[in-house]
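Heads up, the thing below is written out as structure tokens.
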């Protein structure tokens, strides 16, 4: 029997911030990576917050800072896993309520839950363990004998279509009844293949793609309240109900829960 799955992007979607950034900060805090790895990224982050730099510049600098020059080489994998657990113990509840509740209600209806993230596998697995996630993809750094080799990582964020193929083949998932949620253009290869795509707090590129899509992907915005948008045939914005963009049973239950939390009118 084919299974239904909810495929979730992590950084900026489930998790309110960038999970890999908090893991790197933890690796620096506990002495496994040098301080300048974080300092350079903080400069770019401040430039982004001051609207003097782009978020992509911050991400590029952050990734190069810890992945470049084989900086993980010689670090024990179990030490990195320990740091990941400390990060999740401290910050793992900093998640978006809509996505948290979507996952919980989907699981109650028998959906499998999958994470596909660009953050290191160690910290994605630590977060997934808190949520009973069934399938986890995170950036895989080569290892040998319990230590990182410093080799080039497998970055699943750049191959989400490939991860989705594995989910279908190895777990018997039916995409024609599955859901995906993401916040950036990197999630498009997943969103365009499922029956129920959700663009969550999308960046400009994904927002434009949602509007341009032949299926007019719905948009969910979470601020102090949760707003749901869809599109008319002329691609004009309109308010929508969750029951219209999700399997009806799930949408109705999720609407009731969010209303109880005073997140939707």
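In the working numbering, the protein residues as written are 1 to 265.
Just so you know, even glycine gets a beta-carbon here, dropped at the ideal spot from N, CA and C.
Asked, Found
"Selection from 164, 210 and 177 that minimises the alpha carbon distance to residue 183", "210"
"Nonlocal neighbours in the same chain, by C-beta distance under 7 Å from residue 174, ignoring five residues either side", "2, 3 and 4"
"Local conformation of residue 124 per DSSP, three classes", "helix"
"Burial state of residue 178, where buried means 16 or more other Cβ atoms lie within 10 Å", "buried"
"Assigned exposure category for residue 260 - 16 Cβ within 10 Å defines buried", "exposed"
"At least three beta-carbon pairs within less than 8 Å, the region 144-152 to the region 165-174", "no"
"Member of 12, 248, 8 and 71 whose CA lies at the smallest distance from the CA of residue 24", "71"
"Close-in-space but distant-in-sequence residues of the same chain around residue 85 (CB under 8 Å, 5 per side omitted)", "126"
"Option nearest residue 246 by Cα separation, candidates 105, 43 and 40", "105"
"Whole-angstrom distance between residue 83 and residue 218, CA atom to CA atom", "37 Å"
"Proximity to residue 46 [Cα-Cα], best of 61, 12, 33 and 224", "61"
"Outcome for residue 90 when other beta-carbon atoms lying within 10 angstroms are tallied against a minimum of 16", "exposed"
"Coil, strand or helix - residue 78 by DSSP", "helix"
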